[in-house]
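In my numbering, the protein residues as written are 1 to 261.
Note that beta-carbon positions come from the ideal geometry of N, C-alpha and C, so glycine has one too.
All remarks here apply to the structure that follows.
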Amino acid sequence: MEKSVALVTGASSGIGESFARLLAQRGHDVVLVARRADRLQAVADRATKEHGAAAEVLVADLETDDGVGMVEARLSDAARPVELVVNNAGFGTSGRFHEMAVEGEEAEIRLNVLALVRLTHAALAGMVERGHGGVINVSSVAAYQPTPNSATYCATKAFVSSFTNAIHEELHGTGVKAMVLAPGFTHTEFHERSGIGNKHQMPEFLWQSCDEVVTAALKAYDRGRAVCVPGPINTVAAAFSGAMPAGVSRKIAGIVTKRVD
Ligand SMILES: NC(=O)c1ccc[n+]([C@@H]2O[C@H](COP(=O)([O-])OP(=O)(O)OC[C@H]3O[C@@H](n4cnc5c(N)ncnc54)[C@H](OP(=O)(O)O)[C@@H]3O)[C@@H](O)[C@H]2O)c1
1 MEKSVALVTG ASSGIGESFA RLLAQRGHDV VLVARRADRL QAVADRATKE HGAAAEVLVA
61 DLETDDGVGM VEARLSDAAR PVELVVNNAG FGTSGRFHEM AVEGEEAEIR LNVLALVRLT
121 HAALAGMVER GHGGVINVSS VAAYQPTPNS ATYCATKAFV SSFTNAIHEE LHGTGVKAMV
181 LAPGFTHTEF HERSGIGNKH QMPEFLWQSC DEVVTAALKA YDRGRAVCVP GPINTVAAAF
241 SGAMPAGVSR KIAGIVTKRV D
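Structure follows, in structure tokens:
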């Protein structure tokens, strides 16, 4: 019997690498997307060697129209249907908005928002026609909290959460799922690459491993949840941010980010 296919963006490191490995372990073939070809190939080789998965590598820059177009074409190929799409690729910028290069902010919106919207769209048409499949869109607990010095990043993640929640509801009765995953601090390359916060100043108990995050995500996805906030600390943080008056949570976020920068 043919295995069902899962496509993961940002599969060359961190949470995406963990999705690729754990989905292969669950019996999916995988399509892996990112820019670093050597890292992607290593993840693909491991999926094949350890789990017998067929693994395709798509080297694509999802900040560009060409890169997104390449992945859209793969998702629209009715001869090789994709059962699960994980829109995980993302990065953050850090600093006072007016002092940063606007090109970097635009690139962040292109990747975190525009690519995710286009790939969700490319995936869902065929899935609804087939009556099964689903999308996991990776947001963040940052979606719940406008944070000084991460203004654009938090706004992109708020978009991802709002968008995916709405689509989850639209898909009711189609057999197709959409879930938003909102991790908190997770050990990956994200903080070094984005310069968001100083990870060494954050206590270890706040952090999760990628496998913990992805295991929780896949469990929630199986149950048909709209949202997965992995781990009790992140669940409480997200609930508090949502419940506090905006003026109070904004001030607290400003104080915390000053301390960790
Ligand atoms: N780590 C955390 O604490 C945390 C918390 C909440 C949410 N998140 C979210 O989790 C997701 C994954 O991040 P991570 O923490 O695993 O960080 P990571 O280790 O830096 O992984 C980011 C992935 O995105 C890919 N990527 C970046 N720019 C890309 C582009 N232009 N085109 C295609 N792929 C691109 C990277 O691959 P290449 O560089 O090879 O292209 C890499 O595979 C992101 O959406 C992030 O916002 C992370």
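In whole angstroms, give me the CA-to-CA distance for residue i and residue j.
i	j	result
Thr48	His98	46 Å
Ala151	Ala246	14 Å
Ala37	Ser161	29 Å
Ser241	Val31	36 Å
Phe19	Val176	19 Å
Ala220	Trp207	20 Å
Val68	Ile233	35 Å
Val236	Val141	10 Å
Leu61	Leu75	Checking the displayed sequence, the identity of residue 61 turns out to be Asp instead of Leu. The straight-line gap from Cα to Cα measures roughly 16 Å.
Ala253	Glu105	20 Å
Met70	Glu17	20 Å
Arg39	Val248	43 Å
Glu204	Phe185	9 Å
Arg96	Asp29	42 Å
Tyr153	Ala53	34 Å
Leu171	Val5	20 Å
Pro148	Gly27	42 Å
Arg126	His132	According to the sequence displayed, residue 126 carries Gly and not Arg. Approximately 9 Å, taken between the alpha carbons.
Ile136	Met100	30 Å
Met179	Ile255	32 Å
Val59	Arg35	5 Å
Leu181	Thr215	11 Å
His191	Phe91	9 Å
Gly224	Met244	28 Å
In terms of DSSP beta bridges, what is residue i paired with?
i	result
Val160	Answer is none; Val160 lacks a bridge partner.
Ala178	Val135
Cys228	Leu181
Asp29	Val5
Thr257	According to DSSP, Thr257 bridges with nothing at all.
Thr186	Gln208
Ala34	Val59
Are the beta-carbon atoms of residue i and residue j separated by less than 9 Å?
i	j	result
Phe159	Thr120	no
Pro81	Arg130	yes
Ala89	Ala107	no
Val117	Leu7	no
Val128	Thr93	no
Ala11	Glu50	no
Pro230	Ala239	no
Thr156	Ile15	no
Ile167	Leu111	no
Val33	Thr64	no
Asn165	Val213	no
Leu22	Asp222	no
Leu42	Glu56	One point to set straight first is that residue 42 is Ala, not Leu, in the sequence displayed. For Ala42 and Glu56, no; Cβs fall outside 9 Å.
Glu72	Gly134	no
Contact criterion: CB-CB distance below 9 Å. Does residue i meet it with respect to chain E?
i	result
Val135	Among the chains of the structure shown, chain E does not appear; only one protein chain is present.
Which ranges does the alpha helix (DSSP H) cover as unbroken runs of at least 4 residues, wholly within the region 42-102, from first to last along the chain?
65-75
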